[in-house]
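Its first residue numbered -15, the sequence shown is counted upward by one per residue in the numbering used here.
Every residue gets a Cβ at the ideal spot worked out from N, C-alpha and C, and that includes glycine.
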Amino acid sequence: MKRIAGLTFLTVFCALSAGCATKMTVMAGLSENIKEYYSIYPSVEIDIAAVTEDEAEDLKKLNADAYFAVGNPARESLMPYTFLFSAEQTAPQTMKYNVPQWDKWLEKDPKKIAVLANMPRKTEENGKGGKDPRIMIVDMSSGFMHHKKLFVEAKPGSVVRLSNEPTDPEVRRKENEKLRKEKEEKAAREKKEARKKAAREKREAEKNATKDRRAAQKKLGEEKKAADRKALEDKRAAERKAARQRRAAEKQRISKE
């Protein structure tokens, strides 16, 4: 009984979901390092299409250059939704779940989402065979039944899936530039303050050194004066003693006579 109920629920669910394929929102953006790699923001096309298993296998055999070739029937047959990025358009873009393409895609009971990026390959990838990193095939059952959102990002020579919404690399670049300038300005202020502090400490040290020198000179002068006074007093005491001795001797001489 439970099995029948489960099958009934699945049948109804699939019917409501057009063959178990679920319309979803796709959000695409550019990576932060894409401008750094290409020196400019390159013109980037990103195609999104819900595809069947067979179509996914055919796409895996292609490379992005062949797929985006003018008049390629394979591209036209997919009826893709295309994002266009450039130096003037760097902000993330969104393909909502209610775009007309979904109605056509769901007619063929798609199982995969194809994401294809038209951009230059990385220099080190030129001439290499194998899978083209500019083409990504995602299984529609890999979390979409619950989340119904796919986030992708064009990186230098590749397209990748993100766990969070992409952001505008130009905004991030400006924010990073602002942070860099603020950091440099802070460092300059700290360096200036350090120089001022060092100058203050130097002046204070020189002032203290002058004060100590003057104190030492004053002490030395006072000690010299005290020594001079004592020497003078000793001299006078010696002269008075000598005078007393002369008078006593003179007195003794006179008494003898």
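Could you check the C-alpha separation between residue i and residue j for me, to the nearest Å?
i           : j           : result
residue 125 : residue 17  : 31 Å
residue 232 : residue 220 : 18 Å
residue 244 : residue 6   : A query on residue 244 cannot be resolved here, the shown segment of the chain reaching from -15 to 241 and no further.
residue 99  : residue 33  : 7 Å
residue 136 : residue 184 : 57 Å
residue 191 : residue 224 : 49 Å
residue 121 : residue 40  : 7 Å
residue 182 : residue 158 : 35 Å
residue 54  : residue 161 : 39 Å
residue 130 : residue 174 : Because the pLDDT at residue 130 is just 45, under 50, the model does not fix this residue reliably, and the point stays unresolved.
residue 71  : residue 19  : 9 Å
residue 61  : residue 28  : 21 Å
residue 236 : residue 216 : 30 Å
residue 208 : residue 171 : 54 Å
residue 144 : residue 177 : 47 Å
residue 80  : residue 9   : 4 Å
residue 239 : residue 226 : 20 Å
residue 106 : residue 133 : 28 Å
residue 200 : residue 189 : 16 Å
Under 6 Å Cβ to Cβ from residue i, same chain only, skipping five residues before and after it: list those, please.
i           : result
residue 116 : 47 and 48
residue 89  : 34
residue 69  : 14 and 28
residue 12  : 30, 67, 77 and 136
residue 24  : none
Would you mind reading off the limits of the alpha helix (DSSP H) that contains residue i?
i           : result
residue 213 : 153 to 240
residue 59  : 57 to 62
residue 20  : 18 to 22
residue 73  : Neither: residue 73 is in no alpha helix (DSSP H) and is coded neither H nor E.
Ends of the beta strand (DSSP E) at residue i?
i           : result
residue 321 : This structure cannot speak to residue 321, because the chain is shown only from -15 to 241.
residue 11  : 9 to 14
Quick one: what does DSSP say residue i is sitting in, helix, strand or coil?
i           : result
residue 119 : strand
residue 2   : Caution applies to residue 2, whose pLDDT of 40 falls short of 50 and renders its modelled position unreliable; the value that the coordinates give is listed next. It is coil, neither helix nor strand.
residue 50  : helix
residue 33  : strand
residue 45  : coil
residue 40  : helix
residue 106 : coil
residue 139 : strand
residue 80  : coil
residue 132 : coil
Take residue i and list the residues in its own chain whose beta-carbon comes closer than 7 Å to its own, dropping the five residues that flank it on each side.
i           : result
residue 154 : 74
residue 21  : 140
Output needed for residue i: all residues of its chain with C-beta closer than 8 Å, excluding positions within five of it in sequence on either side, in chain order.
i           : result
residue 299 : As shown, the chain starts at -15 and ends at 241. That puts residue 299 outside it, with no answer to give.
residue 156 : 16
residue 56  : 50
residue 37  : 95 and 96
How should residue i be labelled, buried or exposed, when 16 other C-beta atoms within 10 angstroms of its C-beta is the threshold for buried?
i           : result
residue 194 : exposed
residue 15  : buried
residue 213 : exposed
residue 218 : exposed
residue 196 : exposed
residue 103 : buried
residue 147 : exposed
residue 211 : exposed
residue 118 : buried
residue 65  : buried
residue 76  : buried
residue 150 : buried
residue 142 : buried
residue 101 : buried
I want to check one thing, is the minimum distance from the CB of residue i to the heavy atoms of the ligand ATP below 8 Å?
i          : result
residue 33 : The ligand ATP is not among the ligands present in this structure, which contains no ligands whatsoever.
Using beta carbons (cut-off 9 Å, strictly below), is residue i in contact with chain D?
i           : result
residue 190 : Looking at the structure shown, chain D is missing, and only one protein chain is on hand.
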